[in-house]
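Trainee:
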Amino acid sequence: MRQRYDFGYFLSEGFHSIFTHGFMSFAAVCMIVCCLLIMGSFTLVAVNAESMFSDLEAENQFTAYIDETIPQDEARALQDDIEAVPNVSRAEFVTKEQAQEDFEARYEGNELFEGLPADTYRDRFHIYLDDISLLAETEAAVKEVAGVADTQSAPEIAEGFTVIRNIAGAVAVILVVILLAVSLFIIANTIKLATFNRREEIAIMKMCGATNAFVRWPFVFEGLILGLVGAVVAFFLQWGIYVLVGNAISGEDTISLITVLPFQPMALRVLGVFVLTGFVIGAGGSLAAIRKFLQV
Amino acid sequence: MIRLIDIQKSYDNGTKALKGVNLRIDDGEFVFLVGPSGSGKSTIIKLITAEIAPSGGRLMVNGYNLNNIRPRQVPYMRRTLGVIFQDFRLIEKKTVKENLTFAMRAVGASPREIRKRVPYVLDLVGLDQKGDRMPSQLSGGEQQRVAIARALVNNPKMIIADEPTGNLDPMRSLEIMMLLERINELGTTLLVVTHEKELVNRFSKRVVAIENGRIISDETGGYYNNETTI
Ligand SMILES: Nc1ncnc2c1ncn2[C@@H]1O[C@H](COP(=O)(O)OP(=O)(O)OP(=O)(O)O)[C@@H](O)[C@H]1O
Ligand SMILES: [Mg+2]
Numbered sequence: 001m002r003q004r005y006d007f008g009y010f011l012s013e014g015f016h017s018i019f020t021h022g023f024m025s026f027a028a029v030c031m032i033v034c035c036l037l038i039m040g041s042f043t044l045v046a047v048n049a050e051s052m053f054s055d056l057e058a059e060n061q062f063t064a065y066i067d068e069t070i071p072q073d074e075a076r077a078l079q080d081d082i083e084a085v086p087n088v089s090r091a092e093f094v095t096k097e098q099a100q101e102d103f104e105a106r107y108e109g110n111e112l113f114e115g116l117p118a119d120t121y122r123d124r125f126h127i128y129l130d131d132i133s134l135l136a137e138t139e140a141a142v143k144e145v146a147g148v149a150d151t152q153s154a155p156e157i158a159e160g161f162t163v164i165r166n167i168a169g170a171v172a173v174i175l176v177v178i179l180l181a182v183s184l185f186i187i188a189n190t191i192k193l194a195t196f197n198r199r200e201e202i203a204i205m206k207m208c209g210a211t212n213a214f215v216r217w218p219f220v221f222e223g224l225i226l227g228l229v230g231a232v233v234a235f236f237l238q239w240g241i242y243v244l245v246g247n248a249i250s251g252e253d254t255i256s257l258i259t260v261l262p263f264q265p266m267a268l269r270v271l272g273v274f275v276l277t278g279f280v281i282g283a284g285g286s287l288a289a290i291r292k293f294l295q296v
Numbered sequence: 001m002i003r004l005i006d007i008q009k010s011y012d013n014g015t016k017a018l019k020g021v022n023l024r025i026d027d028g029e030f031v032f033l034v035g036p037s038g039s040g041k042s043t044i045i046k047l048i049t050a051e052i053a054p055s056g057g058r059l060m061v062n063g064y065n066l067n068n069i070r071p072r073q074v075p076y077m078r079r080t081l082g083v084i085f086q087d088f089r090l091i092e093k094k095t096v097k098e099n100l101t102f103a104m105r106a107v108g109a110s111p112r113e114i115r116k117r118v119p120y121v122l123d124l125v126g127l128d129q130k131g132d133r134m135p136s137q138l139s140g141g142e143q144q145r146v147a148i149a150r151a152l153v154n155n156p157k158m159i160i161a162d163e164p165t166g167n168l169d170p171m172r173s174l175e176i177m178m179l180l181e182r183i184n185e186l187g188t189t190l191l192v193v194t195h196e197k198e199l200v201n202r203f204s205k206r207v208v209a210i211e212n213g214r215i216i217s218d219e220t221g222g223y224y225n226n227e228t229t230i
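Going line by line, the protein sequences match chains W and X.
Take the first sequence: its position 155, counted from the start at 1, is 155 in this note's numbering, and no numbers get skipped.
Take the second sequence: its position 184, counted from the start at 1, is 184 in this note's numbering, and no numbers get skipped.
1) Give me, in chain order, the residues of the same chain whose beta-carbon lies closer than 8 Å to that of X/T229; leave out the 5 immediate sequence neighbours on both sides.
2) Please tell me whether X/T43 and X/K94 are closer than 7 Å, where the distance is taken between their beta carbons.
3) Run through DSSP, which three-state label would X/K93 get?
4) Taking C-beta to C-beta, are W/G227 and W/I281 nearer than 7 Å?
5) I'd like to check one pair, W/Y121 with W/A99: are the Cβ atoms closer than 7 Å?
6) For a contact meaning CB atoms closer than 9 Å, what does W/F214 contact in chain X?
7) Label W/D150 either buried or exposed according to how many other C-beta atoms from any shown protein chain fall within 10 Å of its C-beta, with 16 as the threshold for buried.
8) According to a CB-to-CB cut-off of less than 7 Å, which residues of the stretch 84 to 95 of chain X neighbour chain W?
9) Smallest Cα separation from X/I183: which of X/G82, X/R112 and X/L59?
10) Show which residues of chain W have a CB atom less than 8 Å away from the CB atom of X/N154.
11) Answer yes or no: the CB of X/S39 versus the heavy atoms of ligand 2, is any distance below 6 Å?
12) Would you mind telling me which residues of chain W sit closer than 8 Å to X/T49, beta carbon to beta carbon, in chain order?
13) Would you call W/Q295 buried or exposed, if buried means 16 or more other Cβ atoms sit within 10 Å of its Cβ?
14) Which word fits W/L268, buried or exposed, when buried means at least 16 other C-beta atoms lie within 10 angstroms of its C-beta?
15) Tell me whether W/K96 sits in a helix, a strand or coil according to DSSP, three-state version.
16) Roughly how many angstroms separate the alpha carbons of W/C35 and W/K192, rounded to a whole number?
17) Below 7 Å between beta carbons: does that hold for X/L100 and X/A147?
18) Just checking X/S42 against ligand 2 - is the residue's beta carbon closer than 6 Å to any of the ligand's heavy atoms?
19) Can you tell me where the alpha helix (DSSP H) holding W/L271 begins and where it ends?
20) Any beta-carbon of chain X closer than 7 Å to the one on W/I18?
21) What residue from W/V85, W/E252, W/A170 and W/F274 has the CA that sits closest to W/E50's CA?
22) Is there a Cβ from chain X that is less than 7 Å from the Cβ of W/E50?
23) Here's the rule: buried if 16 or more other CB atoms are within 10 angstroms of the residue's CB, otherwise exposed. What is W/Y242?
24) Less than 6 Å between the CB of X/N212 and some heavy atom of ligand 1, yes or no?
25) Using only CA atoms, which one of X/F102, X/N167, X/L191 and X/R202 lies nearest to X/N154?
26) Taking the CB atoms as reference points, tell me whether X/N167 and X/G141 lie closer together than 7 Å.
27) Cα separation between X/D218 and X/A209?
28) Would you give the residue range spanned by the alpha helix (DSSP H) that W/N247 belongs to?
29) One question on the structure: do W/F62 and W/E144 come within less than 7 Å of each other, judged by their Cβ atoms?
30) Within 10 angstroms of its Cβ, does W/P71 collect 16 or more other Cβ (buried), or is it exposed?
31) What are the boundary residues of the beta strand (DSSP E) that X/V200 is part of?
32) Using a Cβ-Cβ cut-off of 7 Å, state whether X/R79 counts as contacting chain W.
33) Would you list the residues sitting across from X/N65 in a DSSP beta bridge?
34) Can you look up X/Q143 in the DSSP assignment and give me helix, strand or coil?
35) Are the stretch 29 to 45 of chain W and the stretch 216 to 234 of chain W touching, with three or more C-beta to C-beta distances below 8 Å?
36) Give me the Cβ distance between W/A136 and W/V85, rounded to the nearest whole Å; I'm assuming they're in contact under 8 Å.
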């Protein structure tokens, strides 16, 4: 004899019990929302920091512009002089035509930079450093080389970016894992409180000959529904908070040292991760909570 | 059919609740199980429903050997039993009908079977007018009738009642007992645990008396005359 499974029934039982146990459901959803918001906010800060660090790291170099009066082949010959400067690991010659191409490719679709004559650009060297902490001295020395008109570097560059970034990455992963564990624990306990009144109900079902699977399913659906509701609520709250905080930072930060990534392109991924995490927390919490009551 | 052969039961704290009980109940019988408080009556019921396992001896219930039953088989064994308790154990947040539907759902009955069976059982226990009430809107006797209806609804071979009239006045108790007798006449085996001497003596049934974990008398058409009781 096989047990018949009627998932419509499980779903409606699960849904029903969310309303019959209104307050506990509300508490569980609040917990899920809080956990997701904490995790989400932390992850978004990490993503922003990561993107800023990688921008900065890419600038382990500076550019030296060559005097326009110098012909291109003479300019190219300056490479040896520049590479002779201490702490320069490598100098890469870029013609003005190439510079124009690169620039236009980078700002594709931006009319402001389109169709400018190649004369607007200068021949240049991209200069890579051995030790980024000596940037200022190296830059000054390169400026002294005859034929170099000017140099440009990103002033924010500090040493040790890579190290900081690696540490920050590791800390982020550890914190997210801890948060996930803590939220699972809290949810399991919230749902355990919610199911405590239902021990009797479960005992009655089992006395009537219900299988464990039969008893479990409505709880799983209940957890999934709570997880979904929590995820959607958390998503919109997260969006609002992100935009508010982002605007506040951009408003304060007059020199635009910090660039806040826009939310929209990440929205779908955030929603996806929230819903998945909500499902895991909700269903996992329910199952953990009723496990004890099933031993009747 | 139930068979207990030299059943022993010691609880984890060392209490020896049963000290070698032999009992055989055949299909169609009506049996009273009587005895003083703490004599081991509920322990026997819990062994039969597989809530607890025996410490020794052999135990058969409706064709299932409970000595080595697999956990996944327990629900199917329980479907051959209907259980009734002193405190009714209804789901307070469901109506009378929903309580019965719930029990049928639990064993995988189809909506059609449920629609047919629930009114029949409610009628049998005399509650056909009160199916939509909540348990809290019923008297104690009526609530016990709902519990009896629930025990019956899945058409078990046997009904086991642990002090079903313990919370009821003598008049209601008699009514409940007569209902159980009627159910027995319709073909269901009955095992009824009770303290109530008067009640037992109004019916001429088999009476099994237990004291201190041992069966001390077992007489058909018996009379409950244990002096030490209550
Ligand atoms: N879970 C338990 N753990 C330890 N001892 C128990 C447990 N349940 C019952 N006992 C003990 O086992 C003995 C038999 O208990 P049981 O409940 O079977 O008695 P009973 O005949 O049903 O009594 P009553 O008429 O009061 O319901 C008693 O001494 C009781 O204290
Ligand atoms: Mg008892």
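Glycine included, every Cβ here is placed at the ideal spot set by N, Cα and C.
None of the values given here were measured: they were computed from a predicted structure.
Mentor: Walking through what the data contain:
1) With a pLDDT of 45 at X/T229, under the threshold of 50, the modelled position of that residue is not reliable, and the figure given next carries that caveat. Excluding positions up to five away in sequence, the list reads V34, G35, P36, H195 and K197.
2) no
3) coil
4) Taking 7 Å as the cut-off, the Cβ atoms of W/G227 and W/I281 count as close.
5) yes
6) P75, R105, A106, V107 and G108
7) exposed
8) R89, I91 and K93
9) X/G82
10) C208 and G209
11) no
12) M207
13) Flag for W/Q295 reads exposed.
14) exposed
15) helix
16) 17 Å
17) no
18) yes
19) Q264 to I290
20) W/I18 does not count as touching chain X.
21) Looking at the Cα atoms, W/A170 is the closest of the given residues.
22) no
23) buried
24) no
25) Of the candidates X/F102, X/N167, X/L191 and X/R202, the one whose C-alpha sits nearest the C-alpha of X/N154 is X/F102.
26) no
27) 6 Å
28) That run of the alpha helix (DSSP H) goes N212 to E252.
29) no
30) Result: exposed.
31) Careful: X/V200 lies outside any beta strand (DSSP E), inside the alpha helix (DSSP H) at K197 to R202.
32) So, interface residue.
33) X/M60
34) helix
35) yes
36) About 13 Å separates the two Cβ atoms, so there is no contact after all.
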